[in-house]
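Here is the structure we will look at.
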Amino acid sequence: MTREPAEPLRLDYLIKAGTIHAMTGQIYRSVGLRGPEIVAVSPEPDGLDDLAGRATMVVDAGDLTVLPAFSDAHEHLKEASSNTLLVPVDRARSIAEFTSILGEAVREAPPGQWILTSMGWHESNLAENRLPTVAELDATAPDHPVFARRGGHLAVANSAALRAAGVGADTPDPPGGKIGHLPDGQPSGLLEGGAVYQVMAFAPGPSRGELADALGTGSAAYAALGVGTIREAMINLDELLAYQDAWRRGLLNVRVRPLIRVGNELSTAEALALVDGLGTASGFGDDWLRIWGLKFVMDGGVEGGALEQPYANDPADSGHLNWDPAAMTQVCTEAVRRGLKVGTHAAGDRAVRTLLDVYEGVVAETGKLPPWTLVIEHALLSDPAQRERAVRGGFGITVQHALLWNMASEMLVTWGPERTRRVNPLDEWLAAEASLAAGTDLARPFNPMTNVWGMVTRGTKSADVQGPEHAIDVSTALRLYTLGSAACNGEADRLGTVTPGKLADLVAYPLDPLTASPDDLAELVPAFTIVGGKPTHDPDKRLAR
Ligand SMILES: [Zn+2]
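Taking this note's numbering, the leading residue of the sequence shown gets 1119, the next gets one more, and so forth.
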C-alpha cells in the first residue's frame, strides 16, 4: 500500500501589497492566508509564490497598504444595530419629508404594528421649525401606533399610540412628566419626561430574531470601516442570546467581545446573585463571539460625570456616583473570584479616584491579578496621581478620542476649557507606561481613521483642536487600536499584528497611513477588510475571482 505524498501547504489567499505593516516593526510585501489564519509573510512581493496552488486567490494590491484590522475596545454594537430597526426621520428637512419617511415604514408594516423612529432628529432641522402634530401623524398612520422619540426627554405620538398606551383626555401627568393637550382637551401627542416612558412601555422592543438580523447588518457597517473586532461595552442577558443567535446563523461581520451589565439599580444582594448565577466566565466562546466580562457604570457622562471640582456652568453641581464603593468592591471581588473580568465606566476624575479605591480593594482581597482583569473605561479626566495608581495596580484603560471629537463643544460649556483640553491625555498615560486600548463609544459606525486623525492632531468635530500637547503619533495610535485592544481582550497572541499563526484580520487602504499627511487620514476609508480569512468588505471585488 502506498501513501499519498503529504499535501503541500496551499494558500487560500496570497495578497501582494505595496506595503504590509505588521505593526511589530516589520514591513512585508506579501501575506498568505489559509483558513482563518495568516500562515506566511514575506518581504518580497513574489516571496510566497511557491505556496500558491490552482485554488489560491492571488490578490494584486500593489497600490494598497495593509494593516491589522481595527479592534474597537469600547463600542455599543447592539445599540448601533437596533438603531437600524428604527425609522430614520432624522434625514427629514421638512414636515412633509418627515411624514413621507414615516409613510414608507407604515406601508411595509402590518396594521397595528408600532412604528418607532430614530431619536436623533430635531425640529430645528425642519423647514417649519416645529414638531409634527398629532393630526399630521394620524393622516400618515391612522392604523399604526407611531412613536417619534426626539432625544431622551421628548416624544410625539399619534392617536393610535396614545390609545394603545391608555392615554386619553383625562389621563393625569405621570411623576416627572407632562402629557400635552389640545385646546379641546384631547392629547396633543406631545410627551415630555416621564410621559415619554409611560407610552414607550407599550411599544415592544425588537424580537430576538430581529435583533440578530440587525446585528448582522449593523456589524457589516463596521466591517466597511476596517473594524475586525468590537468589545461590546454593555448588553443584558437577552441581548447575549441575540448575539448567540447571530453567531450561530453566521451573521456577524466582526468579532464580538461582550460585557454584561451589572446595573447600579440592583441591591448588593441582587448584584451578587447576578454574578453567582451567570454560569459563564471571561474567555468563554470562540474566536467570533467570546465573553469579555462584566460592565459597571460609576458615574454620568459629560453631564453627570463625577468631578473633583464643580461644573463650570453650575458651581453647585459636581456630578454623581452610582455605586457605594464598599458594595461595589464586594461584588467585583466575587466576580473576579468566579473568573470574570470587570470594566467600569468612569468619566470624571472623582469617579476615577473612587474606582481606583474599589479596584485596589479588590486586589487586596484577591492578590495580584493578570493585566486587563480590572479595566477603567474612558477616564476622560484624570490627574497624575490617579494615572500612577492605575499603572501600579495593573488596571488597563480603554480610551476613546471619538468622545472628545464628538462632545468637545458640550465639554467646553460643562467642564470648561482647562478640563476639556486635558481630556484623555494619551501622551501622559503612555509616559506613565499605562496599558491602553483605543475605541470609539459613539454607538454608531465611526471611521477608525477619523479617530486616529483625532489622536494624532487632537482635532474635534466642532470645537477645533483641544490640547494639542497630548497628541500621539500615528504608529502608536494604530498600535493602541489593534494590539492594545487585543491585549485588553486577552488575545494578543491571536490578534493585533500581521504574524503567521495569528488570525487573518486585515484592512487595506489606498494610501499608507504611516507616511501620509495626518490630514489625509480623517476621511480615509478601506479598499477591503478581511476577518478570519474571509472578506467582510470588498466593494471593488479586489478579493473575488
Ligand atoms: Zn460606552
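Glycine included, every Cβ here is placed at the ideal spot set by N, Cα and C.
All values derive from a computational prediction rather than experimental measurement.
Going by DSSP, what residue range makes up the alpha helix (DSSP H) through residue i?
{"i": "Val1470", "result": "1467-1484"}
{"i": "Thr1647", "result": "Note, Thr1647: premise wrong, no alpha helix (DSSP H); beta strand (DSSP E) at 1646-1649."}
{"i": "Val1224", "result": "1213-1226"}
{"i": "Ala1170", "result": "Per DSSP, Ala1170 belongs to no alpha helix (DSSP H) and is neither H nor E."}
{"i": "Gly1511", "result": "1502-1511"}
{"i": "Tyr1429", "result": "Where Tyr1429 is concerned, there is no enclosing alpha helix (DSSP H), given that its DSSP letter is neither H nor E."}
{"i": "Leu1384", "result": "Counting along the chain, Leu1384 falls outside any alpha helix (DSSP H), and DSSP gives it neither H nor E."}
{"i": "Ala1445", "result": "1443-1455"}
{"i": "Gly1334", "result": "1326-1341"}
{"i": "Arg1366", "result": "1355-1366"}
{"i": "Ser1603", "result": "1601-1606"}
{"i": "Val1317", "result": "1312-1318"}
{"i": "Leu1151", "result": "Segment 1145-1152 is the beta strand (DSSP E) holding Leu1151; no alpha helix (DSSP H) there."}
{"i": "Thr1538", "result": "1535-1539"}
{"i": "Val1460", "result": "Where Val1460 is concerned, there is no enclosing alpha helix (DSSP H), although the beta strand (DSSP E) it sits in stretches over 1459-1464."}
{"i": "Val1493", "result": "Careful: Val1493 lies outside any alpha helix (DSSP H), inside the beta strand (DSSP E) at 1492-1496."}
{"i": "Ala1610", "result": "It is not in any alpha helix (DSSP H) - Ala1610 carries neither H nor E in the DSSP assignment."}
{"i": "Asp1255", "result": "One detail in the question is off: residue 1255 reads as Leu in this sequence, not Asp. Its alpha helix (DSSP H) spans residues 1252-1258."}
Could you tell me whether the Cβ atoms of residue i and residue j are closer together than 8 Å?
{"i": "Val1574", "j": "Ala1589", "result": "yes"}
{"i": "Val1380", "j": "Val1449", "result": "yes"}
{"i": "Arg1454", "j": "Thr1398", "result": "For the record, residue 1454 in the displayed sequence is Val; it is not Arg. Result no, Cβ atoms of Val1454 and Thr1398 do not sit closer than 8 Å."}
{"i": "Asn1276", "j": "Val1252", "result": "yes"}
{"i": "Thr1447", "j": "Ser1189", "result": "no"}
{"i": "Ala1259", "j": "Ile1233", "result": "yes"}
{"i": "Pro1154", "j": "Gly1614", "result": "no"}
{"i": "Thr1594", "j": "Asn1431", "result": "no"}
{"i": "Val1184", "j": "Leu1632", "result": "no"}
{"i": "Ala1351", "j": "His1192", "result": "yes"}
{"i": "Ala1283", "j": "Val1274", "result": "no"}
{"i": "Leu1629", "j": "Leu1642", "result": "yes"}
{"i": "Leu1384", "j": "Asp1417", "result": "no"}
{"i": "Ala1158", "j": "Ala1626", "result": "no"}
{"i": "Leu1203", "j": "Glu1328", "result": "yes"}
{"i": "Arg1408", "j": "Ala1360", "result": "no"}
{"i": "Arg1349", "j": "Cys1606", "result": "yes"}
{"i": "Ser1400", "j": "Leu1370", "result": "no"}
{"i": "Ala1561", "j": "Ala1332", "result": "no"}
{"i": "Leu1499", "j": "Leu1425", "result": "yes"}
How about residue i: is its Cβ closer than 7 Å to a heavy atom in ligand 1?
{"i": "His1240", "result": "no"}
{"i": "Met1416", "result": "no"}
{"i": "Asp1394", "result": "no"}
{"i": "Asp1638", "result": "no"}
{"i": "Ala1198", "result": "no"}
{"i": "Ala1191", "result": "no"}
{"i": "His1438", "result": "no"}
Locate the beta strand (DSSP E) running through residue i, then write down its first and last residues.
{"i": "Asp1206", "result": "Just to set this straight, residue 1206 is Pro in the shown sequence, not Asp. Premise fails: Pro1206 is in no beta strand (DSSP E) and is neither H nor E."}
{"i": "Ile1156", "result": "1155-1160"}
{"i": "Ser1593", "result": "First-last for Ser1593: 1592-1598, but that is the alpha helix (DSSP H), not the beta strand (DSSP E)."}
{"i": "Tyr1131", "result": "1131-1139"}
{"i": "Asp1190", "result": "1188-1193"}
{"i": "Thr1347", "result": "1345-1350"}
{"i": "Leu1624", "result": "1624-1627"}
{"i": "Thr1654", "result": "1652-1655"}
{"i": "His1299", "result": "1295-1299"}
Can you determine whether any heavy atom of ligand 3 sits closer than 7 Å to the C-beta of residue i, and answer yes or no?
{"i": "Met1525", "result": "With respect to ligand 3, the structure shown offers nothing to examine, as its ligands consist of ligand 1."}
Going by DSSP in three states, residue i sits in which element: helix, strand or coil?
{"i": "Gly1179", "result": "The amino acid at residue 1179 is misidentified as Gly; the sequence shows Ala. Correct three-state label for Ala1179: strand."}
{"i": "Leu1396", "result": "coil"}
{"i": "Gly1572", "result": "helix"}
{"i": "Ala1279", "result": "helix"}
{"i": "Lys1579", "result": "coil"}
{"i": "Leu1521", "result": "helix"}
{"i": "Ala1245", "result": "coil"}
{"i": "Lys1413", "result": "strand"}
{"i": "Arg1686", "result": "Because the chain is modelled from 1119 through 1663, residue 1686 falls outside the range shown and cannot be assessed."}
{"i": "Ala1273", "result": "strand"}
{"i": "Ala1667", "result": "Since the displayed the chain opens at 1119 and closes at 1663, residue 1667 lies outside it and no answer follows."}
{"i": "Thr1142", "result": "coil"}
{"i": "Val1264", "result": "strand"}
{"i": "Pro1543", "result": "coil"}
{"i": "Thr1235", "result": "strand"}
{"i": "His1438", "result": "coil"}
Flag residue i as yes if its beta-carbon sits less than 8 Å from any beta-carbon of chain B, otherwise no.
{"i": "Thr1654", "result": "No chain B appears in the structure shown, which is made up of a single protein chain."}
Quick one: residues with CB closer than 5 Å to any heavy atom of ligand 1, in chain order, please. Ala1351, Asp1559
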